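Letter 169 of the sequence shown, counting from 1, is numbered 169 in UniProt numbering, and no numbers are missing. Note that CB positions come from ideal geometry on N, CA and C, so glycine has one too. If you're wondering where the values come from, they're calculated on a predicted model, not measured in any experiment.
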Amino acid sequence: MDNQIRGIHHITAIAGDAKKNYDFYTRVLGLRLVKKTVNFDDPETYHFYYGDEVGTPGTILTFFPWGGISAGRRGTRQVTEIGYSVPAESLDFWMKRFEANNVTYNKVAEKFGEQYLTFLDPDGLKFELTVPKNEDTRKPWTTSEVGELVATRGFHHITITTNKAEATARVLTDILGYRLTEQHVNRFRFITDHAAQANLVDLVEAPGESAGHVAGGSVHHVAFRVENEEVLMYYRQKVLEAGLQITEKIDRNYFYSLYFREPGGVLFEIATDNPGFATDETVEDLGKGLKLPPQYEAYREQLEKVLPSLG
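Below, the structure written as structure tokens:
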């Protein structure tokens, strides 16, 4: 059994307007809508999955778009930044593209020897486009406006901001198998050696900063990747042995999940690679139809009237 965490599986965030979210991620960023479904707990709200051609773990960014939701506030006890990997020499393209589309961004900066470009999505969710030290060879999804030489490759890192890093760091190292690889002032970078990409977690320790508020423009949770259900349950036992509470296994149709809250306050998920997104659609048709969990199929006609149009 390959009982290792293989980096980030997916990241789930909260948005406001569904169409604005869909237009930004598919058109401006050039991601593929891999799955259009609904929130398991609130079926009158979409659940969008964006990623590469097939929704490979490590490329999947998902959203609950709740129209009219209040804006969140970045602070401690949160994932505060999402890092995407992009090719060398692509940052000028992205700055021009953000300028043309009225996207808020900052000038190019550098950390841990890598250049990055910060920008905000329409709800204020914070991203960094990072040129990695080692070339990212993942095949990107491309569009007529975002070509292969500039397209995002998938996740590079996430940043967690915390008042005290020690307990969160212990979860990363002792449970999830990460190791500290670099540190600069109050930023600690952890890596797993069992994934070539989407394998970094930064902890920023900010003792005096107030806790953030998770709402529009906030990360809801981050999921870490395992091969299958057997490995998933291995990690469930590890979390329990560390004295933390964790859910039972949950079937999310496209993967199986466990959820637990790490001591710093961030909701972590562990998710399987199986069965993947092509279980109810062909790869060619991913994201085209509204896919409902079985318990909501009887309400399809009603839900299709309530859910916002993306056309």
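Identify, in the order they occur along the chain, each residue of the same chain with its Cβ nearer than 6 Å to the Cβ of residue i, setting aside the five sequence neighbours on each side.
i: residue 157; result: 83, 200 and 202
i: residue 263; result: 167
i: residue 160; result: 79, 203 and 266
i: residue 310; result: 19 and 22
i: residue 65; result: 15, 18, 21 and 46
i: residue 182; result: 112 and 189
i: residue 222; result: 11, 79 and 158
i: residue 127; result: 82 and 119
Just the Cα atoms here: how many angstroms apart are residue i and residue j?
i: residue 135; j: residue 8; result: 18 Å
i: residue 130; j: residue 109; result: 10 Å
i: residue 15; j: residue 177; result: 31 Å
i: residue 106; j: residue 81; result: 14 Å
i: residue 41; j: residue 253; result: 14 Å
i: residue 150; j: residue 273; result: 27 Å
i: residue 152; j: residue 275; result: 24 Å
i: residue 197; j: residue 154; result: 8 Å
i: residue 304; j: residue 85; result: 35 Å
i: residue 39; j: residue 94; result: 31 Å
i: residue 298; j: residue 280; result: 17 Å
i: residue 4; j: residue 302; result: 42 Å
i: residue 292; j: residue 192; result: 34 Å
Measure the CB-CB distance between residue i and residue j and report whether it falls below 7 Å.
i: residue 246; j: residue 236; result: yes
i: residue 210; j: residue 72; result: no
i: residue 91; j: residue 117; result: yes
i: residue 260; j: residue 268; result: yes
i: residue 243; j: residue 69; result: no
i: residue 27; j: residue 194; result: no
i: residue 30; j: residue 146; result: yes
Relative to the C-alpha of residue i, which candidate in the options has its C-alpha closest?
i: residue 307; options: 67, 281, 192 and 166; result: 67
i: residue 184; options: 290, 111, 44 and 40; result: 111
i: residue 2; options: 226, 241 and 163; result: 226
i: residue 213; options: 65, 24 and 77; result: 77
i: residue 171; options: 193, 94 and 240; result: 240
i: residue 125; options: 301, 291 and 75; result: 75
i: residue 300; options: 44, 4, 88 and 248; result: 44
i: residue 314; options: 102, 148, 38 and 49; result: The displayed coordinates of the chain run from 1 to 311. Any statement about residue 314 would go beyond what the structure contains.
i: residue 122; options: 298, 248 and 102; result: 102
i: residue 173; options: 290, 137, 238 and 281; result: 238
In its own chain, which residues sit with a C-beta less than 7 Å from the C-beta of residue i, not counting the 5 before and 5 after it?
i: residue 104; result: 119 and 120
i: residue 114; result: 130, 131, 132 and 133
i: residue 24; result: 121 and 122
Which residues in the same chain as residue i place their Cβ atom closer than 8 Å to its Cβ, once the five residues preceding and following it in sequence are excluded?
i: residue 169; result: 180, 188, 190 and 203
i: residue 164; result: 205, 207 and 264
i: residue 256; result: 229, 232, 249, 250, 271, 272 and 274
Query raised in the report: Can you find at least 3 beta carbon pairs, one from the stretch 220-235 and one from the stretch 140-150, that sit closer than 8 Å?
Result: no
Requested in this report: Please confirm if the stretch 49-66 is in contact with the stretch 10-25, defined as three or more CB-CB distances below 8 Å between the two stretches.
Outcome: yes
Query raised in the report: For the 8 Å Cβ check, are there 3 or more pairs between the stretch 280-294 and the stretch 30-37?
Result: Segments in contact, yes.
Query raised in the report: Below 8 Å, can you find three or more Cβ-Cβ pairs linking the stretch 40-58 to the stretch 88-103?
Result: no
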